[in-house]
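Enquirer: Here the protein sequences come in this chain order: A, B and C. Reminder that position 152 of the first sequence reads as 152 in the UniProt record's numbering, one-by-one numbering, no gaps. Reminder that position 64 of the second sequence reads as 64 in the UniProt record's numbering, one-by-one numbering, no gaps. Reminder that position 94 of the third sequence reads as 94 in the UniProt record's numbering, one-by-one numbering, no gaps. My structure is below; once you've seen it, I'll send some questions.
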Amino acid sequence: MLLYIYLIAITAEAMSGALAAGRRNMDMFGVGFIAFITALGGGTVRDMLLGNYPVTWTQHPMYIHLTISAGLLTMLVARYMHRLHSIFLVLDAMGLIAFTIIGCNVALNLGYTTTVVIMAGMTTGIFGGILRDILCNRTPMVLRKELYASVSLAVAILYLTLRHFEVNEDINMIASFSFGLAIRLAAIRWHWSLPVFSYAPGRWND
Amino acid sequence: MLLYIYLIAITAEAMSGALAAGRRNMDMFGVGFIAFITALGGGTVRDMLLGNYPVTWTQHPMYIHLTISAGLLTMLVARYMHRLHSIFLVLDAMGLIAFTIIGCNVALNLGYTTTVVIMAGMTTGIFGGILRDILCNRTPMVLRKELYASVSLAVAILYLTLRHFEVNEDINMIASFSFGLAIRLAAIRWHWSLPVFSYAPGRWND
Amino acid sequence: MLLYIYLIAITAEAMSGALAAGRRNMDMFGVGFIAFITALGGGTVRDMLLGNYPVTWTQHPMYIHLTISAGLLTMLVARYMHRLHSIFLVLDAMGLIAFTIIGCNVALNLGYTTTVVIMAGMTTGIFGGILRDILCNRTPMVLRKELYASVSLAVAILYLTLRHFEVNEDINMIASFSFGLAIRLAAIRWHWSLPVFSYAPGRWND
């Protein structure tokens, strides 16, 4: 089940990466490359941080083909994609939650401590988007927008708490997905966001 | 033979990195640093992705000294370098091909699957330039320009195909270099490029 | 002793990261994230380059909590921080030196060669700031400003030289800190900097 959501999620993330590449007028190669990195970059950074070799996608070439194909396909269908706006937001939110739970489990299996498990979940959830934005030369949106990384954090905490109390894994999944989707979509709907820190450049430390 | 081409290639890449640093008015340290990363960053990312420790250049301090020296030397000779424009394009193309073949071999020796072997070759070929552009705060050119990454892809496929049919390694090298150089130089000469994907920012997913 | 300096240093670096995030109007999450990466990113990159798993901070959750808290606290006290300008410059310089020495020791313990040991020290010293600047979408300052990376280089060389001659470790520390602080603060006071390489973009290799 989580695998199917994962496959849908990396496809959706790949398409969001392709659109970002299109905004920078990249060529076909750039589109495929950014699609791949947006979809699989978060898990890659997690694996490299945790020393979890071999890196997941190197053992599943299908993920590589899927994300690059989704990216290239986006070039053809981009003009119609605004009609699918709402569906995309839901898929993206489901991806964020799936990535977070998968990332937590990878770190749990390696025996890391709770704080690191949470960070592994969040890294999987948000780092693909951060790499996409770095490669497209813009300040990562995940650090500036509506609740997004915070949803990943909240889901990780809920998932680990229920796990700690030995709640059945399926029920835990359903709870985590319902909760995560609810707060993410509410955040989009009502523009919930975290307090912003604006600091005007001064002379020092500049 | 491949080693000599490799040494010439990292020198040429280091010099291209130094020029990029000069465009950003970096100091001597920045120039050496960008030169090093441009020349050896692709192989570093490949080794970190594949879990190929120790990272190659840590076992060959000579590569470090060579690339940093080449970068610093570039500060002195930059004004004369436009005269060597054509030579540089050839050296850069040879470097791209050499990096690609070396990267493929590293992944082959570690037993990775074909798709990953190709990606290891391309990572070695193009990631130094990507890191250079990120550090110089510009959108990576390799994702937007004339056939470049595609040459790396084509060379990787040709090399692995000939290898699959057990063609003699020397002949394979000669074929891969001839083919790669030919399409890269033709791409520069006649401005061959991949289709570009231009996507105007809309409201959604922005 | 070095541990205490290290804790003060990562706190100071986290605060500098938070201010940089504030200049980009990031939200609370972004501030904590950039603070963490600025403080612990250099050591992380070093560990990943050297294959030194598990990465240090994954074994010390306290470092994670400390740096993120320092970042968030900075949001509250930022307006008063310009008064502490001088103290900060000293803390930042001490951090640079502590990071450098710690980085050298990690590589020494792993048996790397001298050139790599020096690069490990410098990576620990400066890469947190480089990641901060990449994430804030600006050209890394460490590559353009007053002696900073060079201080890290000089300290690494002094420390390793004294170590080579089997100078007592405590005396070596005192000498390295005194020397490093002296040249860093002198560089700030009298605007010492390395020669800058300015290269006007031409047609070729662009």
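Ideal Cβ placement from N, Cα and C applies to all residues, glycine included.
Are the C-beta of G41/A and some C-beta of chain C separated by less than 8 angstroms?
Expert: With 8 angstroms as the cut-off, G41/A does not count as an interface residue toward chain C.
Enquirer: In its own chain, which residues sit with a C-beta less than 7 angstroms from the C-beta of R132/C, not counting the 5 before and 5 after it?
Expert: So the list reads G17, A20, I34, I37 and T38, once near-sequence residues are dropped.
Enquirer: Check whether chain F comes within 8 angstroms of T139/C, counting only Cβ atoms and requiring the distance to be less than that.
Expert: Note that chain F does not occur in the displayed structure, where the protein chains are A, B and C.
Enquirer: With a Cβ-Cβ cutoff of 8 angstroms, do G111/C and T124/C count as a contact?
Expert: Not in contact: G111/C and T124/C (Cβ atoms no closer than 8 angstroms).
Enquirer: What does V196/A pair with, by DSSP beta-bridge criteria?
Expert: The partner list for V196/A (beta bridge, DSSP) reads D27/C.
Enquirer: At 7 angstroms on the CB atoms, spell out the chain C contacts of P195/A, in chain order.
Expert: Neighbours of P195/A on chain C, chain order: D27 and M28.
Enquirer: Just to confirm, are T74/A and M15/A a CB contact at a threshold of 8 angstroms?
Expert: Against a cut-off of 8 angstroms, the Cβ pair of M15/A and T74/A comes out as a contact.
Enquirer: Where does D206/C land, buried or exposed, given buried means 16+ other C-beta within 10 angstroms?
Expert: Reliability of the predicted coordinates at D206/C is poor, the pLDDT of 42 falling under 50, and no value is obtained from them.
Enquirer: Could you give the distance in angstroms between the alpha-carbon of E13/B and the alpha-carbon of S193/A?
Expert: Distance between the alpha carbons of E13/B and S193/A: 44 angstroms.
Enquirer: With DSSP run on the structure shown, which of helix, strand or coil describes W57/B?
Expert: W57/B: helix per DSSP, three-state reduction.
Enquirer: For I64/A, return the contacting residues in chain B, with the cut-off set at a CB-CB distance below 9 angstroms.
Expert: Those are T115, V116 and M119, listed as they occur along chain B.
Enquirer: Measure the alpha-carbon distance for L143/B versus S150/B and round it to whole angstroms.
Expert: Rounded to the nearest angstrom, the two C-alpha atoms are 10 angstroms apart.
Enquirer: Three-state secondary structure (DSSP) at H191/A?
Expert: Three-state result, H191/A: coil.
Enquirer: Alpha carbon to alpha carbon, how far is F179/C from M62/B? Give it in angstroms, no decimals.
Expert: Roughly 29 angstroms between the two C-alpha positions.
Enquirer: Rounded to a whole number of angstroms, what is the C-alpha to C-alpha distance between T113/A and T44/A?
Expert: C-alpha separation (whole angstroms): 20 angstroms.
Enquirer: Which whole runs of the beta strand (DSSP E) in the region 143 to 195 of chain A are 3 residues long or more, in chain order?
Expert: List check, beta strand (DSSP E) in window: nothing returned.
Enquirer: Looking only at its chain, what residues have a beta carbon closer than 8 angstroms to the beta carbon of P140/B, apart from the 5 residues adjacent to it on each side?
Expert: Hits under 8 angstroms: G129, I130, D133 and I134.
Enquirer: Closer than 9 angstroms, Cβ to Cβ, to anything on chain B: give me those residues from the region 147 to 164 of chain C, in chain order.
Expert: Listed by position, the residues of the region 147 to 164 of chain C near chain B (Cβ gap below 9 angstroms) are L147, Y148, A149, S150 and L153.
Enquirer: Using a Cβ-Cβ cut-off of 6 angstroms (strictly less than) and excluding sequence neighbours within five positions of M28/B, which residues of its own chain qualify?
Expert: Result list for M28/B: empty, nothing under 6 angstroms.
Enquirer: Keeping to the same chain, check which residues put their C-beta closer than 7 angstroms to that of R163/C; ignore five residues upstream and five downstream.
Expert: For R163/C, where only same-chain residues beyond five positions count, the Cβ hits under 7 angstroms are N172.
Enquirer: Taking C-beta pairs closer than 8 angstroms, name the residues in chain A that R144/B reaches, listed in chain order.
Expert: Under the 8 angstroms cutoff, chain A gives R24, N25, M26, D27 and G30.
Enquirer: Looking only at C-alpha atoms, which of A154/C, H82/C, G51/C and I5/C sits nearest to A107/C?
Expert: The shortest C-alpha separation from A107/C is found at G51/C.
Enquirer: Using the Cβ count rule (16 or more neighbours within 10 Å means buried), how would you classify S86/B?
Expert: It is exposed - the Cβ of S86/B has fewer than 16 other Cβ atoms within 10 Å.
Enquirer: Could you work out which residues of chain A lie near G71/B, taking near to mean beta carbons separated by less than 8 angstroms?
Expert: Those do not exist, as G71/B stays about 23 angstroms from chain A at its closest Cβ, beyond 8 angstroms.
Enquirer: Taking the alpha helix (DSSP H) that A78/A belongs to, which residues open and close that run?
Expert: Taken as a continuous stretch (DSSP letters only), A78/A belongs to no alpha helix (DSSP H), as it is neither H nor E.
Enquirer: Between the beta-carbon of L96/B and the beta-carbon of R184/B, is there less than 8 angstroms?
Expert: The answer is yes: Cβ separation under 8 angstroms.
Enquirer: Please go through the same chain and pick out, in chain order, the residues whose beta-carbon is closer than 7 angstroms to the beta-carbon of G42/B, but skip the five residues on each side of it.
Expert: These residues qualify, in order along the chain: F99, T123, T124, G125, I126, F127 and G128.
Enquirer: Using a C-beta to C-beta distance shorter than 7 angstroms, which residues of chain C count as neighbours of Y112/B?
Expert: Neighbours of Y112/B on chain C: none; closest Cβ ~18 angstroms, over 7 angstroms.
Enquirer: Using a Cβ-Cβ distance under 8 angstroms, would L108/C count as near chain B?
Expert: It does not: the Cβ of L108/C has no partner Cβ on chain B nearer than 8 angstroms.
Enquirer: CA-CA distance, S152/A and P195/C?
Expert: The straight-line gap from Cα to Cα measures roughly 46 angstroms.
Enquirer: Report the rounded CA-to-CA distance for I188/A versus I8/A, giving the unit in angstroms.
Expert: Answer to the nearest angstrom: the Cα atoms are 21 angstroms apart.
Enquirer: Sort A156/A, T161/A, L160/A and V116/A by Cα distance to residue 238/C and report the nearest one.
Expert: Chain C is shown only over 1 to 206; residue 238/C falls outside these bounds and no answer can be derived.
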